[in-house]
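> Those protein sequence lines, which keep their order, are chains E and Y.
Counted from 1, the first sequence has number 48 at position 48 by our numbering; the numbering is strictly sequential.
Each position in the second sequence, counted from 1, maps to that position plus 240 in our numbering.
Here a beta-carbon is modelled for each residue, glycine too, at the ideal position from N, C-alpha and C.
Just so it is clear, the structure is predicted and the values come from calculations on it, not from any experiment.
There are 2 protein chains.
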Amino acid sequence: MKNEKRNNANLSTEISEQIKESIINKDLDVGSRLPSELELAEQFNVGRSTIREALKRLAAQSLIRTQRGASGGAFINHIKFEDAHEQQVTTSILLLSMNNVKFETACEARFALERACAKFVAQRRTNTDILAIEKEILTQGQSKLTDEEFCASDIRLHRILVDCAKNPILSYQLAGAVEAMQPLMNMITYTVRSREKIILFHQSIIRSIKNRDAEGINFGLSNLEDYTKTLGQNILASYK
Amino acid sequence: MKNEKRNNANLSTEISEQIKESIINKDLDVGSRLPSELELAEQFNVGRSTIREALKRLAAQSLIRTQRGASGGAFINHIKFEDAHEQQVTTSILLLSMNNVKFETACEARFALERACAKFVAQRRTNTDILAIEKEILTQGQSKLTDEEFCASDIRLHRILVDCAKNPILSYQLAGAVEAMQPLMNMITYTVRSREKIILFHQSIIRSIKNRDAEGINFGLSNLEDYTKTLGQNILASYK
DNA sequence: ATGTTTTTAAATGTCTGACAAATGAAAAAT
DNA sequence: ATTTTTCATTTGTCAGACATTTAAAAACAT
Numbered sequence: 001m002k003n004e005k006r007n008n009a010n011l012s013t014e015i016s017e018q019i020k021e022s023i024i025n026k027d028l029d030v031g032s033r034l035p036s037e038l039e040l041a042e043q044f045n046v047g048r049s050t051i052r053e054a055l056k057r058l059a060a061q062s063l064i065r066t067q068r069g070a071s072g073g074a075f076i077n078h079i080k081f082e083d084a085h086e087q088q089v090t091t092s093i094l095l096l097s098m099n100n101v102k103f104e105t106a107c108e109a110r111f112a113l114e115r116a117c118a119k120f121v122a123q124r125r126t127n128t129d130i131l132a133i134e135k136e137i138l139t140q141g142q143s144k145l146t147d148e149e150f151c152a153s154d155i156r157l158h159r160i161l162v163d164c165a166k167n168p169i170l171s172y173q174l175a176g177a178v179e180a181m182q183p184l185m186n187m188i189t190y191t192v193r194s195r196e197k198i199i200l201f202h203q204s205i206i207r208s209i210k211n212r213d214a215e216g217i218n219f220g221l222s223n224l225e226d227y228t229k230t231l232g233q234n235i236l237a238s239y240k
Numbered sequence: 241m242k243n244e245k246r247n248n249a250n251l252s253t254e255i256s257e258q259i260k261e262s263i264i265n266k267d268l269d270v271g272s273r274l275p276s277e278l279e280l281a282e283q284f285n286v287g288r289s290t291i292r293e294a295l296k297r298l299a300a301q302s303l304i305r306t307q308r309g310a311s312g313g314a315f316i317n318h319i320k321f322e323d324a325h326e327q328q329v330t331t332s333i334l335l336l337s338m339n340n341v342k343f344e345t346a347c348e349a350r351f352a353l354e355r356a357c358a359k360f361v362a363q364r365r366t367n368t369d370i371l372a373i374e375k376e377i378l379t380q381g382q383s384k385l386t387d388e389e390f391c392a393s394d395i396r397l398h399r400i401l402v403d404c405a406k407n408p409i410l411s412y413q414l415a416g417a418v419e420a421m422q423p424l425m426n427m428i429t430y431t432v433r434s435r436e437k438i439i440l441f442h443q444s445i446i447r448s449i450k451n452r453d454a455e456g457i458n459f460g461l462s463n464l465e466d467y468t469k470t471l472g473q474n475i476l477a478s479y480k
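(1) From E/Ser32, E/Glu108, E/Lys144, E/Leu63, pick the residue whose C-alpha is nearest to that of Y/Ala405; which is it?
(2) Name the chain E residues that come within less than 8 Å of Y/Arg364, Cβ to Cβ?
(3) Just tell me which of E/Val121, E/Lys135, E/Arg110, E/Met98 has its CA closest to the CA of Y/Asn265.
(4) With DSSP as the reference, please indicate the residues paired to E/Ala74 in a beta bridge.
(5) So the alpha helix (DSSP H) Y/Tyr412 belongs to, where does it begin and stop?
(6) Is the shortest distance between the beta-carbon of Y/Ala415 and the beta-carbons of chain E less than 8 Å?
(7) So, does the CB of Y/Gln301 fall closer than 8 Å to a CB anywhere in chain E?
(8) Y/Ala356: which of Y/Leu410, Y/Ala300, Y/Gln422, Y/Asn463 sits nearest, CA to CA?
(9) Using C-beta distances below 8 Å, list every residue in its chain close to E/Glu148, excluding the 5 sequence neighbours before and after it, in chain order.
(10) Using a C-beta cutoff of 8 Å, does Y/Leu274 count as contacting chain E?
(11) Could you pull the DSSP bridge partners for Y/Glu273 from this structure?
(12) Between Y/Ser478 and Y/Gln307, what straight-line distance do the alpha-carbon atoms span, to the nearest angstrom?
(13) Check whether chain E comes within 8 Å of Y/Asn339, counting only Cβ atoms and requiring the distance to be less than that.
(14) Quick check: the Cα distance between Y/Met241 and Y/Ala372, rounded to an integer number of angstroms?
(15) Is the separation between the beta-carbon of E/Ile130 and that of E/Lys197 shorter than 8 Å?
(16) Between E/Arg33 and E/Phe81, how many whole angstroms is the CB-CB distance? I'm expecting something under 8 Å.
(17) DSSP three-state call for Y/Arg396: helix, strand or coil?
(18) Check Y/Lys245 in the structure and name its three-state DSSP category.
(19) Identify each residue in the stretch 18-34 of chain E for which the Cβ-Cβ distance to at least one residue of chain Y is less than 9 Å, and report them in chain order.
(20) Kindly list the residues whose CB is nearer than 6 Å to the CB of E/Glu136, restricted to its own chain and excluding five residues on each side of it in sequence; keep chain order.
(21) Using the beta-carbon count (16 or more within 10 Å), is Y/Asn407 buried or exposed?
(22) Taking all protein chains shown into account, decide if E/Asp163 is buried (16 or more other Cβ within 10 angstroms of its Cβ) or exposed.
(23) List, in chain order, every chain Y residue whose beta-carbon is nearer than 7 Å to that of E/His78.
(24) In chain order, what residues of the same chain lie with their CB nearer than 6 Å to the CB of E/Tyr248, ignoring the 5 residues before and after it?
(25) Going residue by residue through the stretch 320-407 of chain Y, where are the continuous alpha helix (DSSP H) segments of at least 4 residues, counting only ones entirely within it?
(26) Tell me which residue opens and which closes the alpha helix (DSSP H) that Y/Asp466 is part of.
(27) What did DSSP end up calling Y/Met425 once you bin it into helix, strand or coil?
(28) Please go through the same chain and pick out, in chain order, the residues whose beta-carbon is closer than 8 Å to the beta-carbon of Y/Met421, but skip the five residues on each side of it.
(29) At a CB-CB cut-off below 8 Å, which residues of chain E make contact with Y/Phe215?
(30) Just how far apart, CA to CA, sit E/Ala59 and E/Thr126?
(31) Using the Cα positions of Y/Ala324 and E/Gln87, report the straight-line distance between them to the nearest angstrom.
(32) Shortest alpha-carbon distance to Y/Tyr467 belongs to which of Y/Ser289, Y/Arg399, Y/His442?
(33) According to the neighbour-count rule (16 or more other Cβ atoms, all chains shown, within 10 Å of its Cβ), is Y/Val432 buried or exposed?
(34) Thinking C-beta only, is Y/Leu414 closer than 8 Å to Y/Leu334?
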């Protein structure tokens, strides 16, 4: 960690980039402690506040965590899937809303990715998974649910479905696509009629999951995709 | 943007979360300017350095950008797919390396996601796309390439393939999965024999793309997946 | 000797005030 | 009318101070 090239940008960015590189290149081990802010300030020949701003940048990406007190400091974080999940979803939501992505486009991506799991879901689903999905389907049948609650349960169901593939990478990647759709899906009005149809699709899908029938899962998902797109037609060109 | 609930955590985190919420909820429009650091400090009743640390956190997630000078300040960023891409890849790389994800698991996810694009690639590929892929295949035939260069071209080829689907969400999501694999793939030694086989697979895939044959693309990708997994066998249990 | 309390030192968190540097706009000079 | 200069605003950086947290060391009591 030298204090070379401080060319163009501001110091705190430069420094945070350098430390980030060191973490990616494994020059710094997970769990190890960075020098104290005062030491870093001396090493990089900058003020303490500059170091602090650099560290805050890294903390925002959960690359480090800080602890106060005697043997405190900044520690290289072990990034877990859950940590990354939230940020992934937030970013995806903003990407959808800021880039005028059509409902149809987002829908297409979401279901295409879900279908990518079908093969593994059929192979690896456990009975616990099935119970969890069936519970959501039951929830969705309750007529007292608000549109938001119905939608939330729908998203949960699809999350469970994806997790059935038992591949953490798939789960992580798809979380962005599936959960980022929630704001869009929340704009749909779920009539009694449409809820019934969606639940029928879900029941068809869970049957295929039970039977370990990948083709059937795909078919059910495709049908659901088509129906979701028609429901989304009223959300015209783009999501504002 | 009030200064309510400053419960548990430290102030700068609290404040950055509040502003982040305002951005997600569209209380603050894209492109609009936040109050100056001094004004924010007054509003939140904290020091300027606290505000600055909060803003640095947001900047690290490219939620805002800052400009110096007279009519400068912090502006709500329009997050584009390219902006999010780099962070997505970095995070994915760290997730893979820090969570002892098996090569096989990462490989499975990567190819499953790529296959999810096949249908759209077959429908939407342009002649320009095909030329770009063929160029990479030619590159890969040059024997003078180092393993790293061969691998880089391989990754580029698959990026182009994914982009053929003309769905920015898919491209963005898959970039993480595909490019994050690069450090793992770089550990593979590409013998003359294995390069030849990979190129054969690529040629089979590009043929199917030309013929708009989704099934064929899937088949080619699956074959390539199997072969990649055998190549990766020497990378034993996990990526260290 | 052992357990408890107090003290201490180290580290981050926060505030204040100062100055540097960039930048756009207004004012002045040409 | 055009160019130059000045000026005000705002972020970037630094330095010093104090608050707060925390673990370990020291002091104390049992």
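On the basis of the data shown:
(1) E/Glu108
(2) Chain E residues near Y/Arg364: none, gap ~11 Å exceeds 8 Å.
(3) E/Met98
(4) E/Thr66
(5) 408-420
(6) no
(7) yes
(8) Y/Leu410
(9) Asn186
(10) no
(11) According to the sequence provided, residue 273 of chain Y is Arg. The question's Glu does not apply to it. DSSP output for Y/Arg273 lists Y/Phe315 as bridge partner(s).
(12) Note that Y/Ser478 scores 46 on pLDDT, short of 50, meaning its location in the model is unreliable; the coordinates nonetheless yield the value given after this. So the two alpha carbons sit approximately 44 Å from each other.
(13) yes
(14) Note that Y/Met241 scores 35 on pLDDT, short of 50, meaning its location in the model is unreliable and no value can be drawn from it.
(15) no
(16) Not a contact, Cβ separation roughly 24 Å.
(17) helix
(18) Since pLDDT at Y/Lys245 reaches only 41, below the 50 mark, its modelled position is unreliable, and no value is offered.
(19) Lys20, Ile23, Ile24, Lys26, Val30
(20) Ser153, Arg156, Leu157
(21) buried
(22) buried
(23) Met338
(24) Limits of chain E in this structure are 1 at one end and 240 at the other, which puts residue 248 of chain E out of reach.
(25) 321-338, 343-364, 367-381, 387-403
(26) 454-471
(27) helix
(28) Leu336, Ala346, Cys347, Arg350, Ile395
(29) A question about residue 215 of chain Y goes unanswered here, because the residues of chain Y that appear run from 241 up to 480.
(30) 37 Å
(31) 11 Å
(32) Y/His442
(33) exposed
(34) no
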